[in-house]
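Position in the sequence shown (from 1) plus 11 gives the number in my numbering. Structure record follows, encoded as structure tokens.
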Amino acid sequence: MVKVSSLLMLPVLAIAQQQATSNDVLITMPVTIDGTLKNLQLLKGESFEDAAISFARSNGLMAATDDAQIRAVIDQLSGLLKDKLHDMETEEQLLSQPSEPMPTVQLSVPITIDDYSGNLFKYETDTPEAAVERFLGTSGFNLDVMEKVYPQLLSLVKQKLEELQLSKKELFSLKLLLDGREIIVRHFEDGIPINEAMDTLRGIGVDDGEYMDKVAPQIASQIVNEIHRKQSITDATEQQVEKQVIPEQLLQRRELFSEQMTLNNQPVVLVHYDGDTAQETAVRFLSENGITDDAKAESMMAQLVGIIDSRLAELLSKETHALARPSAQAQAEQNIQASAKQQSELLVTIPISLDEQHQAELNYFKGEDIETTVQQFLVDVGLGKSEKFSDNVIQLSALLRERVASLPIHETTYLPHATLTEALFSIPVSLSGIVYHLDYYENEDPHYAANSFCMEKLEIVREKLGKEFQLGGKSPTKSETLQTEFESVANDVADSQDLLLFTLDIDMGDGTSIKLPVHRNDKPQELASAFCTEHKLDQENVPALVEAMELQMNDL
């Protein structure tokens, strides 16, 4: 804390600043002291604290002997000046010319120095040095503090910029008009248009949730349109290249086969090209070898066509056999995927009207990502390239998330012939005052069960808490509290059943694997046999599984 004695020893310059011309005054605001209005002023180049001390001295507020009381008065006066300057800057921005583009925030870094907290903004049009100087200029720090923290802040900004450049590759940018102002929207590799639209709005200082929900889909639609436009240009270019290549390919005809023959006791070669008929090849062969007699040409024509047809049939047979094997394998993989899909737990089915005569079902299975499911659904029904793709994703995702959240605990829409499994036990879990029940099933990995439970409830709790969920500060935030609660769920589940010794990763031979958890009281023979039965594997695999489990147990 600054002592009163040191405050009273300020240089004469502070008094001289009070006598400066009106051109040097940044702020003048009325303050009531003992029923009398006084003018509190902030001069150019003067810190908030110096202005507050000067005002307090000139109005007899420094006579108190309590340092804490004096400090409180100075802090209060400094706060009034800070708020007034902030209001003035905001008003100046609103009154600026509409033709001027709104500055785009390239980087926002939260900074806390002593008791001051604020965001350091780096706009695309200024340098890191300018961004740091602007932040320090509006923070009200004295020169000693500024000189001390300036190098640290500059290094931090440059580091954040390097990380930003490495993490994103810009594909294109758009200039759009928003309420008469020009804004720049950027699309990055693997970027999601709706997220980029929201980031753009936050970057220009928009924080009204209702306004963002209204405007963001329109910006995202513009991004999608530009993506489609650039893709159409790329496709047209590729087609033009293909057209230029075709004549060159015609000059280099592909030979399908050649046949050694004897004509007039001389060895000759019959060549058949791709795209030619048997008759065309035969006519060309006779012409190349000087057979002009009509009778002889007619008699040889039938023989040549027969030879060519025979070789073509032989080639066709080989190609058919070659294609049959991959086709069978692909069909088997499709059957496996379809079977796996049927065995998944169907949570929600929503009928979606595509038009007046057509309808499709949006199916959501347990464990799937909601946005990914909606996007795949739109692609499957032919709306993947629609101009309203982003709007449809937002609306359907919100509807699907609402349906999932409204389901009672473990209420599930099961497929026909699905088997219902009773939970071994249920644990009541309180998350931010809301009680849920975590059901644990036999042979289920406890950490997987806890993680699945937390992921399912995270969005529900986030929606109930709203913006409050994102608030930060020195005290523990709700997100941090939830994280602690979520971590405790896994411990509760693990403590409620036998200790998990290890988990075997079983390769199913089709590119997929299934985890086999082994607990303390499990018997390898029974566990292996049950695993094979559950996953429809031959019981001959039991000895190998038992051996693998025993080897792992020996290593413990």
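Heads up, the beta-carbon is just placed ideally off N, CA and C, and yes, glycines get one too. Computed from a predicted structure; not experimentally measured.
Need the endpoints of the beta strand (DSSP E) that residue i sits in, please.
i: residue 273; result: 266–274
i: residue 569; result: In the structure as shown, the chain begins at 12 and stops at 567. Residue 569 is therefore absent and cannot be evaluated.
i: residue 121; result: 116–124
i: residue 524; result: 524–530
i: residue 50; result: 47–54
i: residue 217; result: Note, residue 217: premise wrong, no beta strand (DSSP E); not H, not E.
i: residue 37; result: 36–44
What does the alpha-carbon distance come out to for the pair residue i and residue j?
i: residue 42; j: residue 97; result: 18 Å
i: residue 428; j: residue 386; result: With a pLDDT of only 34 at residue 428, under 50, the local geometry of the prediction cannot be trusted, and no value is derived from it.
i: residue 239; j: residue 464; result: 39 Å
i: residue 66; j: residue 60; result: 10 Å
i: residue 422; j: residue 547; result: Per-residue confidence for residue 422 stands at a pLDDT of 41, beneath the threshold of 50, marking its modelled position as unreliable; no derived number is given.
i: residue 448; j: residue 440; result: 6 Å
i: residue 485; j: residue 122; result: Its pLDDT being 36, under 50, residue 485 is placed unreliably by the model, and the measurement read from it follows with that caveat. Going from the Cα of residue 485 to the Cα of residue 122 covers about 13 Å.
i: residue 566; j: residue 511; result: 15 Å
i: residue 115; j: residue 363; result: 39 Å
i: residue 89; j: residue 149; result: 12 Å
i: residue 247; j: residue 175; result: 33 Å
i: residue 74; j: residue 68; result: 8 Å
i: residue 134; j: residue 516; result: 50 Å
i: residue 372; j: residue 388; result: 9 Å
i: residue 165; j: residue 249; result: 47 Å
i: residue 78; j: residue 84; result: 10 Å
i: residue 262; j: residue 224; result: With a pLDDT of 46 at residue 262, under the threshold of 50, the modelled position of that residue is not reliable, and no figure is offered here.
i: residue 557; j: residue 531; result: 15 Å
i: residue 425; j: residue 380; result: With a pLDDT of 38 at residue 425, under the threshold of 50, the modelled position of this residue cannot be trusted, and the question is left open.
i: residue 283; j: residue 289; result: 8 Å
i: residue 266; j: residue 286; result: 10 Å
i: residue 56; j: residue 144; result: 13 Å
i: residue 534; j: residue 395; result: 51 Å
i: residue 243; j: residue 182; result: 15 Å
i: residue 323; j: residue 331; result: 12 Å
i: residue 209; j: residue 155; result: 39 Å
i: residue 245; j: residue 233; result: 18 Å
The alpha helix (DSSP H) that contains residue i, what's its start and end?
i: residue 394; result: Residue 394 -> no alpha helix (DSSP H), and no H or E assigned at all.
i: residue 132; result: Element bounds for residue 132: not the alpha helix (DSSP H) but the beta strand (DSSP E), 127–134.
i: residue 560; result: 553–566
i: residue 205; result: 204–214
i: residue 149; result: 139–150
i: residue 303; result: Neither: residue 303 is in no alpha helix (DSSP H) and is coded neither H nor E.
i: residue 61; result: 59–69
i: residue 538; result: 535–545
Mind reading off the beta-carbon distance from residue i to residue j? Whole number of angstroms is fine, and I expect it under 8 Å.
i: residue 527; j: residue 514; result: 7 Å
i: residue 167; j: residue 157; result: About 15 Å separates the two Cβ atoms, so there is no contact after all.
i: residue 235; j: residue 382; result: Not quite, the Cβ-Cβ distance comes to about 15 Å (not below 8 Å), so this is no contact.
i: residue 377; j: residue 356; result: 4 Å
i: residue 217; j: residue 207; result: Between residue 207 and residue 217 the Cβ distance is about 14 Å, and since that is not below 8 Å, they are no contact.
i: residue 172; j: residue 118; result: 6 Å
i: residue 70; j: residue 49; result: 6 Å
i: residue 159; j: residue 139; result: Not a contact, Cβ separation roughly 18 Å.
Taking DSSP's pairing of strands, which residues face residue i in a bridge?
i: residue 371; result: 363
i: residue 199; result: 181
i: residue 406; result: BP columns for residue 406 are empty, so no partner.
i: residue 161; result: Bridge partners of residue 161: none, in fact.
i: residue 278; result: 273
i: residue 383; result: For residue 383, which the question treats as bridged, DSSP gives no partner whatsoever.
i: residue 186; result: 195
i: residue 449; result: 438
i: residue 283; result: 268
i: residue 357; result: 376
Could you say which of the options lies nearest to residue i if we only look at CA atoms?
i: residue 403; options: 45, 231, 130 and 165; result: 231
i: residue 279; options: 196, 367 and 270; result: 270
i: residue 272; options: 407, 288 and 293; result: 293
i: residue 561; options: 552, 549, 542 and 529; result: 529
i: residue 200; options: 313, 187 and 180; result: 180
i: residue 411; options: 396, 70, 391 and 375; result: 375
i: residue 53; options: 228, 151 and 313; result: 151
i: residue 417; options: 390, 195, 395 and 359; result: 359
i: residue 127; options: 99, 93 and 137; result: 93
i: residue 327; options: 268, 373, 303 and 308; result: 268
i: residue 277; options: 266, 70, 460 and 301; result: 301
i: residue 203; options: 266, 401, 48 and 70; result: 401
i: residue 194; options: 289, 212 and 312; result: 212
i: residue 519; options: 536, 226, 552 and 370; result: 552
i: residue 405; options: 228, 153 and 46; result: 228
Closer than 7 Å to a non-hydrogen atom of the ligand NAP - does that hold for the CB of residue i?
i: residue 202; result: Here there are no bound small molecules, and the ligand NAP is not part of this structure.
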